[in-house]
Amino acid sequence: MAETQIEWTDATWNPVAGCTIVSAGCTHCYAMEMARRLEAMKIEKYVGLTRKSGKRTIWTGTAREDHASLDIPRKWKKPRKIFVNSMSDLFHDDVSDDFIAQVWRVMRETPRHSYQILTKRPERMVQLLGRMPGVVLPNVWLGTSVEDADAAARIDYLRQVPASIRFISFEPLIGSVGPVNLSGIHWAIVGGESGRSARPIREEWIDEIHEQCCDYDTAFFFKQWGTWGKDNKRRSKKANGRIYRGQTWDEMPQVAQMHI
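Just so we're aligned, residue 3 is where the sequence shown starts under the numbering used here, counting upward by one.
This is the structure:
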């Protein structure tokens, strides 16, 4: 898995597979169904990572390190933005400190790429990176997911992470996040949920994030409306599109500026 249709990145790299549901934003995670399909295709690293719960596919709670995939970014000569672990969470409890250090070594030795690491476990990210030497790299962006106000506390952990770029994925946005402190946060991605069981997004929830991004000078990227459009009607995510306030929003963080 390399090339991707995710709007804010160029490729995915999955040195870890499998995860655990931790909050409401995980309920309809696309990676669970994708992992089931990959297992059906006899791809060994995904075997046993999901199970059926009624009609749903959900994680079993196991994450698996894939040492064989560590060198993949070294083979990509053209610079890319790389989403690390679209099929897992690098800071899952099953991922060893040593393996995370190996991932960091690859990223350090391939400075032509920009790496985007997104976690729902920023507490562990803070604890581990705070004691690892040389973790602040100009090509490594560290982020957390915040789907509603119940998950907003993750932002405070993210702010403590030693990083050149910090970002938040407000996706799937399933509720108001309320007032949040975006100081030290360089980029915000906002998007609605997609799929047959998608929960609606509301324009006023996007508005409050956009306005706070303006207040804190945080780059704003609107990824999609998802299954529910601006008019609260259900359509394909392609039909609903990416237009917000009359335009597309593809702002990116200022990579050249080091914020530690």
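Even glycine gets a Cβ: it sits at the ideal position worked out from N, Cα and C.
Query raised in the report: For Trp-143 versus His-115, is the C-beta distance shorter than 8 Å?
Result: no
**Report entry** Cβ shell of Glu-35 (< 7 Å), same chain only, five flanking positions each side left out
**Finding:** Thr-59
Report task. Using only alpha-carbon positions, find the residue among Ile-187, Gln-214 and Ala-241 that is nearest to Pro-255. Result -> Taking only the C-alpha atoms, the option nearest Pro-255 is Ile-187.
Query raised in the report: Going straight from the alpha carbon of Lys-235 to that of Ser-88, what length do you get?
Result: A direct Cα-Cα distance of roughly 28 Å separates Lys-235 from Ser-88.
Query raised in the report: Do you know offhand how far Ala-200's Cα is from Gly-136's?
Result: 40 Å
Requested in this report: Return the chain-ordered list of same chain residues with a C-beta closer than 6 Å to the C-beta of Ser-71, the five sequence neighbours on each side being excluded.
Outcome: Pro-17
Requested in this report: Spatial neighbours of Gly-63 within its chain, please: CB distance less than 7 Å, with the 5 preceding and 5 following residues excluded, ordered by chain position.
Outcome: Thr-22
**Report entry** Presumed contact (8 Å Cβ cut-off) between Ile-208 and Trp-230, rounded CB distance
**Finding:** About 12 Å separates the two Cβ atoms, so there is no contact after all.
Report task. Indicate the three-state DSSP secondary structure (helix, strand or coil) for Asp-73 in the structure shown. Result -> coil
**Report entry** Start-to-end residues for the alpha helix (DSSP H) that takes in Leu-40
**Finding:** Residue range 32 to 42 is occupied by the alpha helix (DSSP H) that includes Leu-40.
Requested in this report: Counting only the same chain and skipping the five closest in sequence on each side, list residues whose C-beta sits under 7 Å from that of Gln-259.
Outcome: In this predicted model, Gln-259 has a pLDDT of only 44, less than 50, meaning its place in the structure is not dependable; the value taken from the coordinates is given anyway. Within the same chain, Gln-259 has no close Cβ partners at all.
Query raised in the report: Considering only the beta carbon of each residue, do Gly-228 and Lys-240 sit closer than 8 Å?
Result: no
Query raised in the report: Leaving out the 5 sequence neighbours to the left and right, which residues in its chain are closer than 8 Å to Ile-262 when beta-carbon positions are compared?
Result: With a pLDDT of 36 at Ile-262, under the threshold of 50, the modelled position of this residue cannot be trusted, and the question is left open.
Requested in this report: Determine, using beta carbons only, whether Val-179 and Asp-150 come nearer to each other than 8 Å.
Outcome: yes
Query raised in the report: Roughly how many angstroms separate the alpha carbons of Phe-172 and Pro-81, rounded to a whole number?
Result: 26 Å
Query raised in the report: Between which two residues does the alpha helix (DSSP H) harbouring Arg-161 extend?
Result: 156 to 162
**Report entry** Nearest residue (CA-CA) to Glu-5, options Val-86, Arg-53 and Thr-52
**Finding:** It is Val-86 whose Cα lies nearest to the Cα of Glu-5.
Query raised in the report: In chain order, what residues of the same chain lie with their CB nearer than 6 Å to the CB of Pro-1, ignoring the 5 residues before and after it?
Result: Residue 1 lies beyond the stretch modelled for the chain, which goes from 3 to 262, so this question has no answer here.
Query raised in the report: Who are the Cβ neighbours of Asp-96 in its own chain at under 6 Å, not counting the five residues just before and after it?
Result: Sequence-distant partners of Asp-96 (beyond 5 residues in either direction) whose C-beta falls short of 6 Å from its own C-beta, in its chain, are Ala-65.
Query raised in the report: Grouping DSSP H, G and I as helix and E and B as strand, with all else coil, what is Ala-258?
Result: The predicted model places Ala-258 with a pLDDT of 48, which falls under 50 and marks its position as unreliable; any figure quoted below should be read in that light. DSSP places Ala-258 outside both helix and strand once states are collapsed to three, so it counts as coil.
Query - Simplified DSSP state of Ala-221, which is helix, strand or coil - result: strand
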